[in-house]
Every structure is written in C-alpha cells, then in structure tokens.
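*Asks:* Just passing along the structure, written as structure tokens.
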Amino acid sequence: MYSYPDQQDCYFIKGLKLKKSIIIQICILALSLSILFTGCNNGAYQQSANISEEQLSPDSNIESVQETGQDEKENTTVSAEDYLANVKIEIITVDKAYEIYSSDKEYLFVDVRNEGEYNRSHIKGAILIPVKEIEANLDKIPKDKIIVVYCNGKGCEKSSKAAKILVHNGYPRVYGVGGLGIYEWIDKGYPVE
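Each residue of the sequence shown is one higher than the last, beginning at 35 in the working numbering.
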C-alpha cells in the first residue's frame, strides 16, 4: 500500500486507487459479515450416545467406544460440554412460558441461577436448583410435568445447559426460556416473588 503526498486520503493497492472512506467501509462490511455468520448457536442437535450421570459433570471427560475397526476398538474422549452440545432442547419465548404458567397444565418452573439472584426475585412458584446442582437434585423434578427452566436470559447459558441435562436424563417435556429470561418476565409484569 503506497501513499503519495499530493493525494493524502487515497491509497494505491496493486494499481487500484482507493479513498480512505472506501477502505473503512470495506472493513466494516467484512467485520459485519463475520459477526453475522459466526453468531451464537442456541440450537442443538439430537443426542446420540448413552452415558452415566457421573460422566455429565462439566469437569469430567467421557470415554466411550465410538468406532469399531476390523478387530480393534478405538477409544475417543469427549468432554461433557461437547456431549451436551449435541442434546436437542426447545427454547421458548417469555410469552410462551407465561402461557404455560397461566394454563391449567401441570408444570414446574426451575430457576437455575444462584441463590442470591433467586432471593432478589424469581418467577412466582419457581424452585431454585442452580445449574451445577441439577443432577444431584433430579428427585425434586417430576418427569410427568412440563419443566420450564430459566435464568438471566441473553448471554446466560445456564438454562440451556440445565435443560440439556434434564432431556438427557429422560425428561420428555423440557423448555428453556430464551429472550431476556427473568428480566423480560419482570418487565412484562408477570408474577414474581
């Protein structure tokens, strides 16, 4: 890239004369496109393996036989985080969560934030089970009810992680609340304690 004194706001790139403003616009466009195509993936994929509850703790590694060759087995290590990324869950809006809350269906709302956040404000009737304690407290969550899991919303992955753990453990009707989570619930004037 070369700059000539008489053309202060122009640059030459391999024979092309470009103004600074065009270069800036190209950079902004490239940055915008990279953000657009590398955003968060709230979706998930179908689960494909059976693993025990002890193996699902976030710090553990899961060892299992993934492929069988001619006469030998090849062990592959998969982290619990990677495994849970493949468990499919359904994310619902705060309004859809309120529809469930207002219905005559049997449901349970589970707040997976920490105790301090729960004590400040939570959905009326929700129980507190921090995401790190979900597996140890499965006995408190009935499988025959609709389970709605929530946290702080956008940027908080606790409800998605908890919902995936529940789905993996055989809960048939589990929903994670998307949007702005508890904050959106409060802003809409829905019941809190």
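Even for Gly, the Cβ is constructed at its ideal location relative to N, Cα and C.
As the structure is a prediction and not an experimental result, all values here were calculated from the model.
Starting from Glu124, follow the beta strand (DSSP E) in both directions and report where the run begins and ends.
*Replies:* Glu124 -> beta strand (DSSP E) spans 124-126.
*Asks:* Quick check: the segment 199-214 against the segment 124-139, are at least 3 beta-carbon pairs closer than 8 Å?
*Replies:* Judged by Cβ distances under 8 Å, the segment 124-139 makes contact with the segment 199-214, as three or more pairs qualify.
*Asks:* Return helix, strand or coil for Ile216, following the three-state DSSP convention.
*Replies:* Of the three classes helix, strand and coil, the one that applies to Ile216 here is helix, per DSSP.
*Asks:* Which residues bound the beta strand (DSSP E) around Val121?
*Replies:* First-last for Val121: undefined, no H or E at that position.
*Asks:* Quick one: Cα of Gly223 to Cα of Asn203, how far?
*Replies:* Taking the straight line from one Cα to the other gives about 33 Å.
*Asks:* CA-CA distance, Gly159 and Lys195?
*Replies:* The straight-line gap from Cα to Cα measures roughly 21 Å.
*Asks:* Would you say Ile163 and Asn171 are within 8 Å of each other, going by their C-beta atoms?
*Replies:* In contact: Ile163 and Asn171 (Cβ atoms closer than 8 Å).
*Asks:* Does the beta-carbon distance from Val165 to Val146 come in below 8 Å?
*Replies:* Yes, Cβ-Cβ distance for Val165 and Val146 is below 8 Å.
*Asks:* Would you decide whether Ser228 is buried or exposed? Buried here means 16 or more other CB atoms lie within 10 Å of its CB.
*Replies:* Nothing about residue 228 can be read from this structure; the chain reaches only from 35 to 227.
*Asks:* Given that a residue counts as buried once 16 or more other Cβ atoms are within 10 Å of its Cβ, and exposed if not, what is Ile181?
*Replies:* Buried, because 16 or more other Cβ atoms sit within 10 Å of the Cβ of Ile181.
*Asks:* Go through the segment 148-194 residue by residue and report every complete run of the beta strand (DSSP E) that reaches 3 residues or more, in order.
*Replies:* Here the runs fully enclosed are 180-184.
*Asks:* Using a threshold of 8 Å, state whether the C-beta atoms of Ile175 and Leu200 are closer than that.
*Replies:* Contact: yes.
*Asks:* Give the single residue among Val183, Pro206, Gly187 whose Cα lies nearest to the Cα of Ala197.
*Replies:* Here the closest residue by C-alpha is Val183.
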